[in-house]
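Quick note: the sequence shown, position 102, residue 102 per my numbering, numbers continuous.
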Amino acid sequence: FTVVIKESCDGMGDVSEKHGSGPPVPEKAVRFSFTVMNISVPNKNGSVRIFEEAKPNSELCCKPLCLMLADESDHETLTAILSPLIAEREAMKSSELMLEIGGILRSFKFIFRGTGYDEKLVREVEGLEASGSIFICTLCDATRLEASQNLVFHSITRSHSENLQRYETWRANPYHE
C-alpha cells in the first residue's frame, strides 16, 4: 500500500481569553496536523486507489497531531516542539511499515506532502532560506550550525531549478490539497 499524507502547520492567530483571569500564556497558537489523502495498491497495470479523501481541506478529515501555545515566528519553540515530529516523518519516508492484516503480511510506504504549510513554515520545513530558518541558504542542505563549524566543506546539494520546483509545487498546489 502507498499512503499519501498531507501535512499542515499554521498559526491560529490570537487565542487569548478576552475576559476573566487565568495564568499568563502566549496569546497565539500553532497547529500541526495531517490528512490521509489517498491509499493505493500497486498492480501490474500501475496502481489502484482504494481510498481518496473527498474533502481534503475539511476540518473533519484533518487530524491534529500537535497544538501548541506559541507564536509561529518563535523559531526556538517551534523547533523544540516540531523537531521530533519531523524526525519521525523523515524516518517514515525511508522505511516501510509491515502489518499483518487478515493473516497476510502487508507493506505500507508513506509519502508526505507539505502543502498545508503557510509560507513561513514551508520555508522552514522544506529548507528554503527565511527569517528563522535553520538552513544557511536555498541551495545547500547544511544547517547554520553545520556551516558555522565548517565553512569550507558544505556544498550546493540542490540546484536552483530543484528549489524552484519545490516552491512551485507548494505555491500552485497541483494535488488540490
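Positions of the beta carbon are idealized from the N, C-alpha and C atoms, including for glycine.
Delimiting residues of the beta strand (DSSP E) encompassing residue i
i             : result
proline 84    : No beta strand (DSSP E) holds proline 84; the alpha helix (DSSP H) holding it covers 75-93.
isoleucine 71 : Here residue 71 is aspartate; the residue named in the question, isoleucine, does not match the sequence. Run containing aspartate 71: none; DSSP gives neither H nor E here.
asparagine 43 : 28-43
Proximal residues to residue i (C-beta, below 7 Å), its chain only, five neighbours per side dropped
i           : result
glycine 13  : Lys28
leucine 105 : Met98
Reduced DSSP category for residue i - H, G, I as helix; E, B as strand; rest coil
i             : result
glycine 54    : Note on residue identity: the sequence assigns alanine, not glycine, to residue 54. Three-state DSSP puts alanine 54 in coil, outside helix and strand.
glutamate 162 : helix
glutamate 7   : strand
histidine 59  : What sits at residue 59 in the sequence shown is glutamate, not histidine. Coil.
alanine 130   : Unreliable positioning characterises alanine 130 in this predicted model, as indicated by a pLDDT of 46, which lies under 50. The coordinate reading is nonetheless provided below. In this structure, alanine 130 counts as coil in the three-state DSSP scheme.
glutamate 65  : In the sequence as presented, glutamate is not what sits at residue 65; that position holds leucine. Correct three-state label for leucine 65: strand.
Cutoff 8 Å; reference residue i; Cβ partners in own chain excluding five residues on either side
i            : result
glutamate 90 : none
isoleucine 5 : Phe34, Thr35, Val36, Met37, Phe110, Ile111, Phe112 and Arg113
Residues of its chain near residue i, where Cβ-Cβ distance is below 6 Å and the 5 sequence neighbours each way are ignored
i            : result
valine 30    : Gly11, Met68, Ala70 and Glu72
histidine 66 : Note on residue identity: the sequence assigns cysteine, not histidine, to residue 66. Excluding positions up to five away in sequence, the list reads Phe32.
serine 107   : Glu96 and Met98
leucine 60   : none
Counterpart residues of residue i in DSSP-defined beta bridges
i             : result
methionine 98 : Ser107
threonine 2   : Ser40 and Lys109
Indicate whether the contact test is met: 3 or more Cβ pairs, each with one atom in the region 32-40 and one in the region 50-67, closer than 8 Å. Judged by pairs of C-beta atoms under 8 Å, the region 32-40 touches the region 50-67, as three or more such pairs exist.
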